[in-house]
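These protein sequence lines are chains R and S, in that order.
Following the numbering used here, the numbering of the first sequence begins with 41 at its first residue and continues without gaps.
Following the numbering used here, the numbering of the second sequence begins with 2 at its first residue and continues without gaps.
Ideal Cβ positions, reconstructed from N, Cα and C, are used throughout, including at glycine.
Note that this is a predicted model, so its numbers are computed, not measured.
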Amino acid sequence: MDLTPAQRVQPDPEGGWTAADLTEDELVDDHFISSNAVRIYDPLLPQNEKLY
Amino acid sequence: MATTGPLTWDRLVAIARRVGVKVVEAPSSHRGKLGSMGSVVGVTCHHTGTANSAKSTSDYPDFNVVKEGRTGLVNSLSAYGIGRNEAIYVFSEFLSWHAGAWNWKGVTDGNGHFLGIECAGVSDFTDFQRKVYPRLVAAILLEIKAPVEMAPRHADGAVPKGRKTDISNHTGNFWQGHDFYWWVSYYLANPAEININYVSEDDTDMDLNRDTFKNVNGDSITLPTYLNALEAKVDKLTKLLAAVPDAVVNGPVLVNGFGDTVSVGAVLNAVETKVTPSKEAPTV
């Protein structure tokens, strides 16, 4: 489904999203991030690519 | 206005990797479900609005919200994220809900033509972010062949004016005495330095007039200062030795082990005789 330019603005009627009102439950820690990444590239590690 | 067509996932990842920091690929489950993004003409600079004090041990606590959206805003919320201290996050090369009502340089479809970057925080930038954010912006602009003017803050493109503040605190001393856009322009002009690990050939050589070391007195001095002082001491010693008269060297000034008064020259000759190997074959 291709949205029209007008539709591409509609989901944000109040002008952008803000995380200022995020609940603590919506914030995540690094373990969650790692487990939800498909690939992590770290140039500082000898084996710098880890696949999940 | 430069256009490059939709950017692929691999291109987004390559842009991020160019910065030379950790890159976390976390594709949103909503990628492409709302259709293709239009030609990318710029990048929009955001901050997440989550203070660094919230979930302070996490590098990017807004990760799940930016990746998947939330009730009433179900989609990825930007193409990229920048963590507090560790990584750049890649979420979607497709349409993300990040711009809202928008007008920048005549482009009113901000979501369809600008890549969003959501930097963790409320513009209380960490050193990592101050070094990485302008680099990532420059890397994107180089990829789409766009000038620095095509990297507005959300606050610049959002309409009506004044409804958004991100990214604030970008003026003044963003990093090392220069503002945010000074750095973006700098990296556009010096693309090799977009890689945070870049070391120029000049930097690998010792800067003789800048780099110092401590001498035996504990003073921090440059190598030329040290060499000049050493040369002065050698000159002084050379002149002192030259001033010593031959009469002193050859005069009767020493008493040897037998109680005889001998000259320095005689002692040296005797020593030389003792240490010179004999040319005769040893007798058995």
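Excluding sequence positions up to five away, which residues of its chain have a Cβ less than 8 Å from the Cβ of residue i?
i: S:Leu209; result: Thr223, Leu224, Pro225
i: S:Asn229; result: none
i: R:Phe72; result: none
i: S:Ala17; result: Val24, Tyr81, Ile89, Val91, Leu137, Ala140
i: R:Leu85; result: none
Leaving out five residues on either side along the sequence, give the residues of the same chain with a beta carbon under 6 Å from the beta carbon of residue i.
i: S:Asn196; result: Gly21
i: S:Phe129; result: Asn86
i: S:Arg32; result: Ser93, Phe95
On a Cα-Cα basis, can you pick out the residue from the options that is closest to residue i?
i: S:Lys56; options: R:Ser74, R:Gln47, R:Asp65, R:Ala46; result: R:Asp65
i: S:Leu116; options: S:Ser97, S:Gly101, S:Lys132, S:Thr72; result: S:Ser97
i: S:Thr49; options: S:Lys132, S:Ser124, S:Leu189; result: S:Ser124
i: S:Lys132; options: S:Asn218, S:Ile83, S:Asn53, S:Gly173; result: S:Ile83
i: S:Ala102; options: S:Gly158, S:His47, S:Pro135, S:Arg71; result: S:Gly158
i: S:Val47; options: S:Gly173, S:Gly178, S:Ser77, S:Ile118; result: First, the residue type needs correcting, since residue 47 of chain S is His and not Val in the sequence shown. Measuring from the Cα of S:His47, the nearest candidate turns out to be S:Ile118.
i: S:Pro135; options: S:Val108, S:Val256, S:Trp176, S:Trp10; result: S:Trp176
i: S:Ala15; options: S:Gly73, S:Asp180, S:Glu94; result: S:Glu94
i: S:Ser79; options: S:Val217, S:Val44, S:Gly73; result: S:Val44
i: S:Thr213; options: S:Tyr227, S:Ser201, S:Val200; result: S:Tyr227
i: R:Thr63; options: S:Gly260, S:Leu74, S:Thr51; result: S:Thr51
i: S:Val245; options: S:Glu232, S:Lys162, S:Val265; result: S:Val265
i: S:Asn170; options: S:Gly163, S:Lys162, S:Pro161, S:Phe181; result: S:Phe181
i: S:Lys106; options: S:Pro153, S:Thr127, S:Leu143; result: S:Pro153
i: S:Leu8; options: S:Gly39, S:Phe259, S:Gly163; result: S:Gly39
i: S:Phe126; options: S:Asn270, S:Leu242, S:Ile168; result: S:Ile168
i: S:Val75; options: S:Gly260, S:Lys34, S:Ala193; result: S:Lys34
i: S:Ile145; options: S:Leu189, S:Leu241, S:Gly73; result: S:Leu189
Name the chain R residues whose beta carbon is nearer than 7 Å to that of residue i?
i: S:Tyr61; result: Ile73
i: S:Ala55; result: Leu67
i: S:Thr58; result: Asp69
What residues of chain R sit near residue i, judged by a beta carbon separation below 8 Å?
i: S:Phe64; result: Val68, Phe72, Ile73, Asn76
i: S:Lys23; result: Ile80, Tyr81, Asp82, Pro83, Leu84
i: S:Arg85; result: In chain order: nothing, as chain R lies at least about 11 Å away.
i: S:Arg136; result: Here the premise fails: no neighbours, minimum Cβ distance about 13 Å.
i: S:Arg12; result: Those do not exist, as S:Arg12 stays about 15 Å from chain R at its closest Cβ, beyond 8 Å.
Below 8 Å on the Cβ atoms is my contact criterion, and I expect residue i with residue j to pass it. Report the Cβ-Cβ distance as a whole number of Å.
i: S:Asp63; j: R:Leu67; result: 7 Å
i: S:Asn112; j: S:Ala100; result: 5 Å
i: S:Ser29; j: S:Ser77; result: 4 Å
i: R:Leu43; j: S:Gly36; result: 5 Å
i: S:Leu143; j: S:Pro192; result: 6 Å
Identify, in the order they occur along the chain, each residue of the same chain with its Cβ nearer than 7 Å to the Cβ of residue i, setting aside the five sequence neighbours on each side.
i: S:Lys215; result: Ser221
i: S:Lys165; result: His155, Ala156, Ala159
i: S:Asn198; result: Gly21
i: S:Val108; result: Val42, His114
i: R:Gln47; result: none
i: S:Asn104; result: Gly158, Val160
i: S:Arg19; result: Ala140, Ile195, Asn196
i: S:Ala267; result: none
I want to verify the contact list: residues of chain R whose CB lies under 9 Å from the CB of residue i, in sequence order.
i: S:Asp128; result: Within chain R, no residue comes near S:Asp128; the closest Cβ sits about 16 Å away, beyond 9 Å.
i: S:Glu26; result: Ala77, Val78, Arg79, Ile80, Tyr81
i: S:Asn198; result: Pro83, Leu84
i: S:Arg18; result: Tyr81, Pro83
i: S:Arg32; result: Within chain R, no residue comes near S:Arg32; the closest Cβ sits about 12 Å away, beyond 9 Å.
Per the contact definition of three or more C-beta pairs closer than 8 Å, is the stretch 182-190 of chain S in contact with the stretch 145-156 of chain S? By the Cβ rule, the stretch 145-156 of chain S counts as touching the stretch 182-190 of chain S, because three or more pairs are nearer than 8 Å.
Flag this pair as touching only if the stretch 134-147 of chain S and the stretch 64-72 of chain S have three or more C-beta atom pairs under 8 Å; answer yes or no. Result no; under three Cβ-Cβ pairs closer than 8 Å.
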